[in-house]
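Colleague:
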Amino acid sequence: MNNVEERIKQFNHSYSEDSLKIKYQRMSENAFSFFRGTCHLFYEDLAKENNLAHSPQVWICGDLHLENFGSYKADNRLVYFDLNDFNEAVLAPSAWELLRMTTSIFIGLDSLKVEQKQIKKLAELFLHSYSSVLSKGKARYLEPQVVKGTVRKFLKKVSKRKEKELLEDRTYRKNESLRLRIDNERLFSVDKNLKDELFNHIAGWISENGNHYNCNDLAFRIAGTGSIGVKRYLFLLQHVNKTKNYLFLDMKEALPSCVQPYMPIQQPAWLSEAERMVIVQNYMQNNSPAFLSFSNFNNLSFVIKELQPSEDKIKFSEIGKSRKEVREVIADMALLTASAQLRSSGRKGATIADELISFGASGHWQNSILDMSWEYYNRMKSYYAEFFKKHNGGLF
17 MNNVEERIKQ
27 FNHSYSEDSL
37 KIKYQRMSEN
47 AFSFFRGTCH
57 LFYEDLAKEN
67 NLAHSPQVWI
77 CGDLHLENFG
87 SYKADNRLVY
97 FDLNDFNEAV
107 LAPSAWELLR
117 MTTSIFIGLD
127 SLKVEQKQIK
137 KLAELFLHSY
147 SSVLSKGKAR
157 YLEPQVVKGT
167 VRKFLKKVSK
177 RKEKELLEDR
187 TYRKNESLRL
197 RIDNERLFSV
207 DKNLKDELFN
217 HIAGWISENG
227 NHYNCNDLAF
237 RIAGTGSIGV
247 KRYLFLLQHV
257 NKTKNYLFLD
267 MKEALPSCVQ
277 PYMPIQQPAW
287 LSEAERMVIV
297 QNYMQNNSPA
307 FLSFSNFNNL
317 SFVIKELQPS
327 EDKIKFSEIG
337 KSRKEVREVI
347 ADMALLTASA
357 QLRSSGRKGA
367 TIADELISFG
377 ASGHWQNSIL
387 DMSWEYYNRM
397 KSYYAEFFKK
407 HNGGLF
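Residue numbering for the sequence shown follows my numbering, beginning at 17 and increasing consecutively.
(1) Write down every uninterrupted run of the alpha helix (DSSP H) in the region 259-334 whose length is 4 residues or greater and which is fully enclosed by it, in chain order.
(2) Expressed to the nearest angstrom, what Euclidean distance is found between the alpha-carbon atoms of S120 and F51?
(3) In whole angstroms, what separates the C-alpha of M17 from that of R395?
(4) Can you list, in chain order, the residues of its chain with a C-beta nearer than 6 Å to that of F27? Leave out the 5 residues immediately preceding and following it.
(5) Nearest to R343 by CA position, among N314, K268, H144, is which residue?
(6) Could you tell me the boundaries of the beta strand (DSSP E) in which D233 lies?
(7) Once DSSP output is grouped into helix, strand and coil, what is the label at I244?
(8) For K340, which residues in the same chain have their Cβ closer than 6 Å to its Cβ, ignoring the five residues on either side in sequence?
(9) Among V74, Y88, S49, which one has its Cα closest to the Cα of R363?
(10) Kindly indicate which residue of S87, K133, R195, V163 has the alpha-carbon position closest to the one of L234.
(11) Rounded to whole angstroms, what is the Cα-Cα separation between Y31 and I244?
(12) Express the C-alpha separation of L250 and I295 in angstroms, rounding to a whole number.
(13) May I have the straight-line CA-CA distance separating S35 from F48, to the nearest angstrom?
(14) Please report how far the alpha carbon of I373 lies from the alpha carbon of N209, in whole angstroms.
(15) Applying the 10 Å Cβ sphere with the 16-neighbour rule, what's the burial state of V103?
(16) Quick one: what does DSSP say Q161 is sitting in, helix, strand or coil?
(17) Pick from E402, S389, S127: whose alpha carbon is nearest that of N67?
(18) Which residue marks the beginning of the beta strand (DSSP E) containing Y400, and which one marks its end?
(19) Please report the straight-line C-alpha distance between Q134 and F58, rounded to a whole angstrom.
(20) Mapping the DSSP letters down to three states, classify F102 as helix, strand or coil.
(21) In this structure, does DSSP put I198 in helix, strand or coil?
(22) Quick one: grab the DSSP three-state call for T119.
(23) Could you name each continuous beta strand (DSSP E) segment of 3 residues or more that falls completely within the region 58-83, going from the start of the chain to the end?
(24) Are the CB atoms of Q283 and L107 nearer to each other than 8 Å?
(25) Taking S471 as the reference, which of E391, E291, S326, H407 has the closest Cα?
(26) Closer than 7 Å by C-beta to T118: which residues in its own chain qualify, once you throw out the five before and the five after it? Chain order, please.
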C-alpha cells in the first residue's frame, strides 16, 4: 500500500468522523504537525530499510520528537523536564529512536524556517551529546535545582503556575460547586449513561488507591495530534476534607504501539497496553508524574495521571531565533534520551549498561543515522505535500 492517503485512512479507520476532522485539520498545519500525526508511516517505511547501523536493544518511547519532551510534577512534587509520551513504547534497536528524533529536528526546525545548514549541525549536536552521555554510563536528570540555561528558565516559569490558574481556565462555579467548562474545543460533554459509568469507575479507582477525593465532574478531552481519536476523559476531583483542594485526572485509552507490527524483537507479555506504557515510563523517567497508574474500563485499558498547571512543552517557535538557546535545548534532550536508555538498561530484555557505554563511545553509526534522517525528512515533505493537497480538496 504505497498511496499515502490510503495508508493514513487505513490506520485511522476506527476513529469517529468528528475526531478525524480535528486530527486531519491539525496535521494539515505544517509538515511537522503531519509528522507528529503519522508515526505509523515512519515505522512502516523504516521496517523496509536494511542499511541502518546495528545498535543495542533498548526501551524506546517510540515517538521521540521535539515536542515529546516536557515538564510535569512528580510524586515528590518537584517539577522535572523529561521524555513524556510513551504511547508507542517498545523494546527496539536504539537507532530507531535516534532516527525518529533527528528526523524531527530536520522537519520541526525547517517548519520554523531555520537554515538547513544550521539544522544539520543541530542534528549532529544531538547525536554527539547523546553519545557523550551514554559513553559515561551515568543516567542524569533535569530539574530546576540542577539544570542550566533555557530549560532552567522554562522550569522556573512553569513551577510558578498555580492550581488556581488551571481551575479558573477549565472550570466554572455552579450551585456552590465547581464544574468543568465545556468549550467544544478541548473539553466536550459526555452522554449521561457513560458519564454515570465513568463516575462509578473513577470512584472505585480512588478507593483502591487510598485517595480521599470525590468526583465533581468529567468531560471528554482532546489534546495533542497523534492521540486525537482515542477515548480520553478529564475528571475534576475535590478533596473530602480539604474542600478547597481540587485535582484533575486525565484518563487516556491505551492502544497497541504502532511500532510493534514492524519490530522483529520479541516483546514482553503485558497484562494490557496501559500496563506496557506505565511500566516503561517508570523504567525510563527519573521520576514519573503524580498518580501515574493504569486501569481497565469497559474492556479497554487506560492510563491515568494527574493533569497539572506545570505541564508544558518548550516552544521552539519562541526560541528559534536564538542559536544558543536552541543548542542548549537540543543538548538537554540528548542527555535525557541517553539517560532514559541507561536507566532502563537490563530491564525485561534491554541490553546492559556496559554495551550502551561501548555503543556511545564508538560513534561510527552517527553518519548513517544523519543520512537516513535527511532522506526521510525529504520523503516526509513529499508525503505532507500530497496530504495537504488532498485535504484541501476535501478527500480527508
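The C-beta atom is built at its ideal place from N, Cα and C for all residues, glycine as well.
Modeller: Looking at the atomic coordinates:
(1) 289-300
(2) Translated into positions along the sequence shown, residue 120 becomes position 104. Translated into positions along the sequence shown, residue 51 becomes position 35. Taking the straight line from one Cα to the other gives about 8 Å.
(3) Position 1 of the sequence shown, counted from the first residue, corresponds to residue 17. Position 379 of the sequence shown, counted from the first residue, corresponds to residue 395. Low per-residue confidence applies at M17: pLDDT is 48, beneath 50, and the placement is therefore not dependable enough to give any value.
(4) If you number the sequence shown from 1, residue 27 lands on position 11. For F27, where only same-chain residues beyond five positions count, the Cβ hits under 6 Å are H56.
(5) As a first step, residue 343 is located in the sequence shown; it is residue number 327 there, counting from the start. Among N314, K268, H144, the Cα nearest to that of R343 is on H144.
(6) For the purposes of this step, residue 233 is taken as residue 217 along the sequence shown, with counting starting at 1. Note, D233: beta strand (DSSP E), 229-237.
(7) Indexing the sequence shown from 1 puts residue 244 at position 228. In the three-state scheme derived from DSSP, where H, G and I count as helix and E and B as strand, I244 is classed as strand.
(8) If you number the sequence shown from 1, residue 340 lands on position 324. Beyond the five residues adjoining it in sequence on each side, K340 comes within less than 6 Å, by CB distance, of no other residue in the same chain.
(9) Here residue 363 is taken as the residue at index 347 of the sequence shown, counted from 1. When each option's Cα is compared against that of R363, the closest is V74.
(10) On the sequence shown, residue 234 is found 218 positions in, with the first residue counted as 1. It is R195 whose Cα lies nearest to the Cα of L234.
(11) Stepping through the sequence shown from its first residue, residue 31 is reached at position 15. Stepping through the sequence shown from its first residue, residue 244 is reached at position 228. Their backbone Cα atoms lie some 9 Å apart in a straight line.
(12) Numbered from 1 along the sequence shown, position 279 holds the residue referred to as residue 295. Numbered from 1 along the sequence shown, position 234 holds the residue referred to as residue 250. C-alpha separation (whole angstroms): 22 Å.
(13) For the purposes of this step, residue 35 is identified with residue 19 of the sequence shown, where counting begins at 1. For the purposes of this step, residue 48 is identified with residue 32 of the sequence shown, where counting begins at 1. Each residue's Cα considered, the two are about 20 Å apart.
(14) The residue you call residue 373 lines up with position 357 of the sequence shown. The residue you call residue 209 lines up with position 193 of the sequence shown. Approximately 54 Å, taken between the alpha carbons.
(15) Mapped onto the sequence shown, residue 103 falls at position 87. According to the sequence shown, residue 103 is Asn rather than Val. Buried is the call here.
(16) For the purposes of this step, residue 161 is identified with residue 145 of the sequence shown, where counting begins at 1. Q161 falls in the coil class under three-state DSSP.
(17) In the sequence shown, the residue the question calls residue 67 occupies position 51. When only C-alpha atoms are compared, the closest one is S389.
(18) As a working mapping, residue 400 is identified with position 384 in the sequence shown. No beta strand (DSSP E) contains Y400, which is instead part of the alpha helix (DSSP H) from 382-408.
(19) Within the sequence shown, the letter at position 118 stands for residue 134. Within the sequence shown, the letter at position 42 stands for residue 58. When rounded, the distance between both Cα atoms is 24 Å.
(20) For the purposes of this step, residue 102 is taken as residue 86 along the sequence shown, with counting starting at 1. Here F102 sits in coil by DSSP.
(21) Position 182 of the sequence shown, counted from the first residue, corresponds to residue 198. I198 falls in the coil class under three-state DSSP.
(22) For the purposes of this step, residue 119 is taken as residue 103 along the sequence shown, with counting starting at 1. Here T119 sits in helix by DSSP.
(23) 73-76
(24) As a working mapping, residue 283 is identified with position 267 in the sequence shown. As a working mapping, residue 107 is identified with position 91 in the sequence shown. Yes, they are a contact pair.
(25) Limits of the chain in this structure are 17 at one end and 412 at the other, which puts residue 471 out of reach.
(26) Indexing the sequence shown from 1 puts residue 118 at position 102. Excluding sequence neighbours, T118 sits near A139, F142, L143, I385, L386, S389.
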